[in-house]
Every structure is written in structure tokens, then in C-alpha cells.
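Undergrad:
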Amino acid sequence: MGVAAIQEYQFQSADRLENFHGNQLLYIGWDQHLMFCAPFCLPLPPNMRFGDVIEKVLPGVFGYHPDFAKIDWSKAEWLKSSQPWQVDFDKTLAELGLKHKDVLRFRTPGLTGIKGSAS
Amino acid sequence: MDMKVSKKKLGLKEKYQHMTRGLGWETTYQSMDDVFPMVKYEGIKIHDWDKWEDPFRLTMDAYWKYQAEKERKLYAIIDAYAQNNGHLSVTDARYINAVKLFLNGISPLEYMAHRGFAMTGRQFPGVGPRVACLMQSLDEIRHAQTQIHSLSNYNKYYNGFHEYRHMLERVWYLSVPRSFFDDAVTAGPFEFMVAIGFSFEYVLTNLLFVPFVSGAAYNGDMGTMTFGFSAQSDEARHMTLGLEVIKFILEQDPDNLPIVQQWIDKWTWRGYRVLTLVGMMMDYMLPKRIMSWKEAWEVYFEENGGALFKDLARYGIRPPKWLDQIEQDKDHISHQAWATFYNYAAACNFHTWIPTDDEMDWLSQKYPNSFDKYYRPRLEHWREEAKKGNRFYNKTLPMLCQTCQIPMIFTEPGDPTQICYREVDYKDNKYHFCSDGCKEIFEHEPEKYVQAWLPVHQIYQGNCFNEGVDPTAEGFDPLAAVLDYYHLNFGRDNLDFEGSEDQKNFDEWRGMATKNV
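Protein chains in written order, with the numbering used here: chain A, 597 to 715; chain B, 19 to 535.
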């Protein structure tokens, strides 16, 4: 269903890709680490290597957490739209098929947040 | 010379009849449909507007007389409060942040309610509801003004009050209450009445006003308490109107039921999401607590609301959807919200802090199933880090819910360790939601919500910098640029309460009032 309206009511998304100056939005959440109150929203170029997201972007985002330094990225499990997802650090976001406003979650087995509280 | 008076003065009811309903007429130069163009498109069928029962028979002369008397009393108390430096008698300066939240987040909604009821009244062909909407519209602008007057006293001494009007349309968290009302006033007249008149004013209003007003009373804030009481006497009338609206619509035509039910589901959920801010205020921002958010929800929603919906069952109305989730959430949302403002304290126009040990014990006692297990470790960790000079300031922008616009902070029903993710593909884009409720509201009217002005996305689009700012310049500091755009003074309005100017000034001034320095 569209919307109840007195005349035609069609609008473009306020957040369509072309509004982001060449970047696309990628959302990333770290499961069981809710000290970061919500997943993050990052504007990233589609030709960015995924490994660079991990190595150059995420430390500034999640680095405050004492668990962050303990992450073994080779064991991290990834979910895209909450479905298991295969990561390849050497591919770019575009090559990995990541589209504007896709959402990724990662899980780090063995790391359960501050005192095991999922914080 | 004797004049025979054939009839005594008009009674109140007759006077009301002549002065309001008696003034309406059916238009003939233009069709009624052209004069009232909004009244049919929502699908609500009204057969006889005269069946409307006027819940409160007010004419303007009675309204002015009654309200003027109330207002005189209110301003006398506010003056006395200001002249006696009443602000120094509040429990402690942390309390003032609850007042900032009210002025920034709630008072502008009163003004929007004024506009909403004026527009809605204009659209109703029936004189009875039109007059009721007019009266409520006047109440709402009075509430906005008395709140602004009362709270302006705090603006003389404390930070964060100075640009509430400017900030409403810009600051990230204020998009939550703002979008709530924008959604309502851009709906049709009947939806607005169910959204605000019924779901908000009737079902949820006690959860908004009672905590702030009692909170003010408990914490020595006579100014806020007084405008709260003044407004409360109008609220009783608003609640009566809200209930009358529902009954009238439902009695007019059986086809109205599913439409009204969908609005009740939607607006109870949307209102409940906005009330997250109130829950956080009750559990974290009042130095002297009144009751916990969970207790307030149980008394004012589960008990009172339960009785109401039992009453409405004879019209075919069932309780709002998603109550099972709300039931599970009540142990969590206030903690999740406070953690959010603690995270983003650098971009906020009030202060946050870690609760004292006493306060944490109170929270453990009020939330035996959740606080110690999920939230205390987080707060204690932050406290330790702050002591080391490493206070947590989250500098990366969060993912927001497309509908309620709150960051995606809420957890899965039944699993407080897992953020709740929901998404919808619509046309060429993906949209994300914090809950089944917000997702379903979007799916019902996607064209409306794809236009949402989400603060995080707007910042990334470059729409939240002042004119002339060049985000590509070397050394560009996006946070500083956004705070400039908000008119938020870094180091004064934002950051932790500990070490703030408010804290320092309050201590010093109270010291001058109570000691010989």
C-alpha cells in the first residue's frame, strides 16, 4: 500500500545513493558489544578494499573497547542482512556485492564484552 | 413601566448551542466537498456530524475567564520563584538537565499540537468537533508559551537552553520527537485526532506529564511543577476529547473500525518510542527519584490503559499491537537510552554522567532482572575509564531507524544481548528499522517515510554545515562543523556533567546562598 493522499504522492528516497558524493553507506554492528549503543553508519567509497575498512576504519570506530585489540579477524564471523556472509579482505566493497545501505554484523567468538555482559 | 420577561437567561447548554453550533451552516455557493477537501480521503465515513457529543461545553468568554485566572496564578508563582533564586533550591544541578530535555524535546511539540489542532479543526465539517479542536489548539499554544516563560529563568544561569527552537530542526536526537509530530500533522484530520487526541493525549499523556511534574516537585523545581499543574487541568479536557473522537468515529460506520485500529497500533507504538526519552529521564536524570520507568509503565499503561481497552472492546477495538514486546522491553529501554546519550555526549545540548553508587543500587533494586546483568558492568567500566581521563565519547555516527529515527539501540525481544535489526527493500533502496512496529508502520506508507530527514544521513550528505564551510578543506573537523550548525557551544552545552560549567556555577552560587564565603 502506498499512502492515503488527496493527489498523487510519489517521492524519491531522501537517502538515495547519488546524494552521498560518490560514497555509499555501509552499516556495521559488532554483536555482543553493546557498549557501542547502536551499529554504525559509515560513508565509504565502493572501490575501497574491505581489508582497509578493517584495518584503517574500524580501529577508530571500535578501538575504545578492550576486546577490540583481541579480535582474531581470521575467526570473525560475518552476517549480511543477518544471513551468514563470506568476506574477502582483498576485494572491494563493490566486488563483494555490497550495495548502498547494506548492513553487516560481525561476531567475535570468545569475546563477550565487558565482564561477559555483552557490553 | 413593567416589562414582562418571557424567558429567563439562557442556560449554559443553550448558550453553548447558540454560540457555537448555531453559527455553522451548509455552504451553497461552493460544495461542502470543496470547502472541506480533506475529510473523505482517509476512508473514514461520517453520516451525522450532529451525533458528536460535546465533551466540554466551552464558549470563548468562559474559556478566557477561566484560563486568565489560572495564568495569573501561574505567573505569580513563576515570578516569586525567579526572584527568590528558586533555581538554587533544586536537589542538585544534574536535575536541570531534565528541564533542558523538556524545553528542547517537549515544548516545541506543544506548539506543533497547537498548529495541528488548528488545521484539523479547519477540516471538520461538524461544528462540535471544530469548536473542541479550536479550544485545544488554544490550550496547546498557551502550554508552549507558559513552558517557555517558566523555563527561560533557567536560561539565565545554565547552558543548553539558549537555542531550543533552532536546535529542534537540526540536533540529531530532537529529530525523534520532531518527526513524531511531523508525521501526525501531515496525516489527514482523522488520523491526527486518533494520533494526538487519542493515542497520545489519552493513552500516553500521563506517562509524559506525571513523571516530569512529579519529578519537578520531588526535586524542588517549583517553576516546572506549577506550569505542569496548570497544563494538567487542560489535559483532562484533552483526554475527554480524545476518547470522544474514537467513540464518535466508531459509532458512525462499521467500516471505520479497521482504519482506526491501524492508527491506534501505529500511534501507540510511535508514542511509546518517543517516551523512551521520558523513561531515561526518570531512571537516570532525577537526583531524587519518583518511581522507575517500569513502575510508571505498569501503573499508567498496563493498569489504566488495560481498563480503557477493555472498555473499547465493545466497539471492536483490541489493545494496540506489539504490547508483548513492550512488556519485555520495560526492563531495558531506559538503560539503553541513557547509554546512548552517554555515548554521544559530545553532540548533545545537555550533560550526561555515570550514576552514583546509591543510584546504581536503586536501579538494581528496581530492575532486578536486567540492571546488574547487562547495564551495571558497562557503567562501571565507563566510570573507571573516566577516572583515568579516558571518558568515552563515541565519535562515529550511528545507524538510525527509518521510522522513529532513534539510533538502532533496541534489542531483540527476549534477548537483551542482541540488537534488533529489521529491513525492507522498497523500490531501489534498503530501509532499516529498530523493531517490527517501526517496520510495519513504514510498510503501510513507504512513500511517506522514504522522505525522512535522518540526521546521520543528512550530515553525510553535507547538509549540516553552515553556509560557506568547505568539508574538503584540509584539517576539516566534521564534528566541530556540525556543532556550529547546531549552535551548540563545545565545552559548555555538551560533554559530561562532571567538570561542566553548570556544575561549577551551581556549587558556587549555592555556596554563596548558604555559607559565608
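Just so you know, even glycine gets a beta-carbon here, dropped at the ideal spot from N, CA and C.
In this text the structure is predicted, and so the values were computed from the model without any measurement.
Should Pro-599 of chain A be flagged as near chain B, meaning a C-beta pair shorter than 8 Å?
TA: With the sequence shown as reference, residue 599 of chain A is identified as Val, and Pro is not the correct amino acid for it. With 8 Å as the cut-off, Val-599 of chain A counts as an interface residue toward chain B.
Undergrad: Taking Phe-632 of chain A as the reference, give the member of B:Lys-406, B:Tyr-503, B:Met-417 and B:Arg-401 with the closest Cα.
TA: B:Met-417
Undergrad: In chain order, what residues of the same chain lie with their CB nearer than 6 Å to the CB of Phe-683 of chain A, ignoring the 5 residues before and after it?
TA: Before going further, note that residue 683 of chain A is Val rather than Phe in the sequence given. If we look at Val-683 of chain A and ignore the five residues flanking it on each side, its Cβ neighbours are Trp-674.
Undergrad: Does the region 625 to 643 of chain A come into contact with the region 404 to 423 of chain B, if we say contact requires no fewer than three beta-carbon pairs (one atom in each stretch) closer than 8 Å?
TA: At 8 Å Cβ cutoff, the stretches touch.
Undergrad: So if DSSP puts Cys-633 of chain A in a beta bridge, which residue, or which two residues, is it bridged to?
TA: In the DSSP output, where bridge partners are listed per residue, Cys-633 of chain A has none listed.
Undergrad: Going by C-alpha to C-alpha distance, which of B:Tyr-220, B:Pro-272 and B:Leu-226 sits closest to Leu-261 of chain B?
TA: B:Tyr-220
Undergrad: Is the Cβ of Asp-611 of chain A closer than 8 Å to any Cβ of chain D?
TA: Given the protein chain composition of this structure (A and B), no chain D is represented.
Undergrad: If you scan the region 148 to 227 of chain B from start to end, which runs of the alpha helix (DSSP H) of 4 or more residues do you find wholly inside it?
TA: 182 to 186, 193 to 203 and 207 to 210
Undergrad: Which chain B residues sit within Cβ distance under 8 Å of Lys-697 of chain A?
TA: Asn-447, Lys-448, Tyr-449 and His-450
Undergrad: Taking only three categories from DSSP, how would you classify His-105 of chain B?
TA: helix
Undergrad: So with CB distances below 7 Å, who are the chain B contacts of Gln-628 of chain A?
TA: Result: Thr-435.
Undergrad: Within 10 Å of its beta-carbon, does Arg-188 of chain B have 16 or more other beta-carbons around it, so buried, or fewer, so exposed?
TA: Buried, by the Cβ-count rule.
Undergrad: State the Cα-Cα distance for the pair Ser-715 of chain A and Glu-516 of chain B, rounded to the nearest angstrom.
TA: 23 Å
Undergrad: So is His-132 of chain B buried or exposed if we call it buried at 16+ other beta carbons inside 10 Å?
TA: buried
Undergrad: Find out if the Cβ-Cβ distance for the pair Asp-201 of chain B, Arg-288 of chain B is shorter than 8 Å.
TA: yes
Undergrad: Between which residues of its own chain and Tyr-182 of chain B is the CB-CB distance below 6 Å, once the five residues before and five after are set aside?
TA: Leu-121 and Asn-122
Undergrad: Within 8 Å (strictly less), CB to CB, does Ile-427 of chain B reach chain A?
TA: Proximity of Ile-427 of chain B to chain A, defined by a Cβ-Cβ separation below 8 Å, is satisfied.
Undergrad: Beta strand (DSSP E) containing Asn-122 of chain B: first to last residue?
TA: Looking at the DSSP string, Asn-122 of chain B is not in any beta strand (DSSP E); the run it does join, the alpha helix (DSSP H), is 114 to 123.
Undergrad: Given that Gly-625 of chain A touches chain B, what residues does it touch there, using C-beta distances under 9 Å?
TA: Met-417, Met-426, Ile-437 and Tyr-439
Undergrad: Considering only residues of the same chain and omitting the five flanking positions on each side of Glu-403 of chain B, which have a CB-CB separation below 8 Å?
TA: Within the same chain, Glu-403 of chain B has close Cβ partners Arg-409 and Phe-410.
Undergrad: Establish whether the CB of Leu-261 of chain B and some CB of chain A are separated by less than 8 Å.
TA: no
Undergrad: In terms of residues, what are the limits of the alpha helix (DSSP H) holding Asn-387 of chain B?
TA: Taken as a continuous stretch (DSSP letters only), Asn-387 of chain B belongs to no alpha helix (DSSP H), as it is neither H nor E.
Undergrad: For the region 391 to 410 of chain B, enumerate the residues whose C-beta is nearer than 7 Å to any C-beta of chain A, in chain order.
TA: Lys-391, Tyr-392, Pro-395, Arg-396, His-399 and Phe-410
Undergrad: Compile a chain-ordered list of the residues in the region 170 to 200 of chain B whose CB is closer than 7 Å to at least one CB of chain A.
TA: none
Undergrad: Tell me which same chain residues have a C-beta within less than 6 Å of the C-beta of Cys-482 of chain B, skipping the five on either side of it?
TA: Gln-476, Val-500 and Tyr-503
Undergrad: Kindly list the residues whose CB is nearer than 7 Å to the CB of Thr-45 of chain B, restricted to its own chain and excluding five residues on each side of it in sequence; keep chain order.
TA: Val-53
Undergrad: What's the gap between the Cα of Asn-523 of chain B and the Cα of Val-317 of chain B?
TA: 38 Å
Undergrad: Would you check if there are 3 or more beta carbon pairs closer than 8 Å linking the region 147 to 163 of chain B to the region 110 to 129 of chain B?
TA: yes
Undergrad: Going by the CB atoms, is the gap between Cys-422 of chain B and Arg-291 of chain B shorter than 8 Å?
TA: yes
Undergrad: Could you please give the first and the last residue of the uninterrupted alpha helix (DSSP H) stretch that includes Ile-437 of chain B?
TA: No alpha helix (DSSP H) holds Ile-437 of chain B; the beta strand (DSSP E) holding it covers 433 to 437.
Undergrad: With the cut-off set at 8 Å, would you say Gln-628 of chain A and Thr-435 of chain B are in Cβ contact?
TA: yes
Undergrad: Using a Cβ-Cβ distance cut-off of 8 Å, determine whether Ala-672 of chain A contacts chain B.
TA: no
Undergrad: Any contact of the region 394 to 401 of chain B with the region 610 to 626 of chain A, i.e. 3+ C-beta pairs under 8 Å?
TA: no
Undergrad: Once DSSP output is grouped into helix, strand and coil, what is the label at Asp-495 of chain B?
TA: coil
Undergrad: Output the distance between the C-alpha atoms of Val-442 of chain B and His-180 of chain B, rounded to the nearest integer angstrom.
TA: 39 Å
Undergrad: Which residues of chain B have a Cβ atom closer than 8 Å to the Cβ of Ile-602 of chain A, listed in chain order?
TA: By Cβ distance, chain B contributes Pro-55, Met-56 and Tyr-59.
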